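Per the working numbering, the very first residue in the sequence shown carries number 6; after that it's consecutive.
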Amino acid sequence: MKITAVLGSPIRNGNSEKMVDLFLSGFSNDDICIFNINELNCKGCQACDECEKSDSVICALHDDLQPVLDRVAVSDLLILASPIYMDQVTAQMRIFQDRLNVFLRKDFSSKLKNIPTVLIYSQAIEDTKIYADYFNTLKKVYKKFNMDVIDTIILTNAGAHNELKDDLYIKNYLKDWKENKYATHFS
Ligand SMILES: Cc1cc2nc3c(=O)[nH]c(=O)nc-3n(C[C@H](O)[C@H](O)[C@H](O)COP(=O)(O)O)c2cc1C
Numbered sequence: 006m007k008i009t010a011v012l013g014s015p016i017r018n019g020n021s022e023k024m025v026d027l028f029l030s031g032f033s034n035d036d037i038c039i040f041n042i043n044e045l046n047c048k049g050c051q052a053c054d055e056c057e058k059s060d061s062v063i064c065a066l067h068d069d070l071q072p073v074l075d076r077v078a079v080s081d082l083l084i085l086a087s088p089i090y091m092d093q094v095t096a097q098m099r100i101f102q103d104r105l106n107v108f109l110r111k112d113f114s115s116k117l118k119n120i121p122t123v124l125i126y127s128q129a130i131e132d133t134k135i136y137a138d139y140f141n142t143l144k145k146v147y148k149k150f151n152m153d154v155i156d157t158i159i160l161t162n163a164g165a166h167n168e169l170k171d172d173l174y175i176k177n178y179l180k181d182w183k184e185n186k187y188a189t190h191f192s
């Protein structure tokens, strides 16, 4: 199985990246690719509409994001992880989101097959529900591309960058995700 994780934090080994690592620990026998948007030379969609003209998923920008887009297109499971900055995902993750435009045809149908997708968030605010509407909107946004959000995992109360260590519930949930959630979703 081809698994692709996209990291939106500028912090290496911070909460969201550690969450992804734990999540992926259950999939060690699979083909895993992890991309850190902060380390890529890429910019947001330039609205040139070149991608509307064919079923190609090659973006006219030809930058470091292309290998990410290529890999997304062949993925069997996608993990999109971001901390919350100013009540939203990071600017890095927003660049990735806008560049998903390459997968949309002129009639707004998606060039992608259905891809099970897991969203991972890390936030300082303790209230788990505070971003519920926003996370639901993002779920709908991803659906337009045939990215089918099957789980949203949120680490709260995570103002510092090593907060996962204290959250045993989320730690175990991530570690056992393949055994529990994956097994039920894909059986
Ligand atoms: C510029 C900036 C803005 C932030 N805005 C929010 C926010 O609006 N809501 C929130 O809950 N946490 C906010 N945070 C806290 C981060 O989401 C939190 O520390 C997160 O766990 C960091 O994850 P990371 O270690 O993966 O980078 C903000 C942090 C920064 C640096």
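C-beta: ideal position from N, C-alpha, C; glycine also. Every value quoted in this text rests on a predicted model; they were computed, and no experiment measured them.
What residue does the beta strand (DSSP E) around residue i start on, and which one ends it?
i	result
Ile135	Segment: none, Ile135 is in no beta strand (DSSP E) and carries neither H nor E.
Ser80	No beta strand (DSSP E) contains Ser80, which DSSP labels as neither H nor E.
Asn41	36–41
Lys183	Run containing Lys183: none; DSSP gives neither H nor E here.
Thr5	Residue numbering for the chain in the displayed model covers 6 to 192; residue 5 lies beyond these limits and cannot be assessed.
Asn127	It is worth fixing the name first, because residue 127 is Ser in this sequence and not Asn. Looking at the DSSP string, the run of the beta strand (DSSP E) that includes Ser127 is 120–127.
Leu160	152–160
Return the residue from the list the options that minimises the CA-CA distance to residue i.
i	options	result
Gln128	Lys148, Tyr90, Ser80, Phe150	Tyr90
Lys144	Asp36, Asn185, Val62, Val94	Val94
Ala52	Glu44, Arg76, Ile100	Ile100
Thr157	Trp182, Asn167, Glu168, Ala163	Trp182
Leu124	Gly19, Leu82, Gly164	Leu82
Ala86	Asn167, Leu12, Leu179, Arg17	Leu12
Glu22	Asn167, Ser59, Glu131, Ala65	Asn167
Who are the near neighbours of residue i in its chain, counting only those whose CB is closer than 8 Å to its CB and skipping five residues on each side?
i	result
Lys134	none
Gly49	Arg99, Ile100, Asp103, Arg104
Tyr139	Asp92, Gln93
Asp68	Leu45, Asn46, Cys47, Lys48
Pro72	Phe40
With a threshold of 6 Å on Cβ separation, who are the neighbours of residue i within its own chain once the five nearest residues in sequence on each side are excluded?
i	result
Phe150	Leu105, Phe108, Ser115, Leu117
Asp36	Lys7
Lys111	Glu57
Need the endpoints of the alpha helix (DSSP H) that residue i sits in, please.
i	result
Ala96	96–104
Phe113	Run containing Phe113: none; DSSP gives neither H nor E here.
Leu27	20–30
His190	188–191
Please name the residue or residues paired with residue i in a DSSP beta bridge.
i	result
Ile89	Val94
With a CB to CB cut of under 7 Å and the five nearest residues on each side skipped, what residues in its chain are close to residue i?
i	result
Thr142	none
Lys180	Leu27, Ser30, Gly31
Is there a Cβ of chain D sitting closer than 8 Å to that of residue i, yes or no?
i	result
Gly13	Of the protein chains in this structure there is only one, and it is not chain D.
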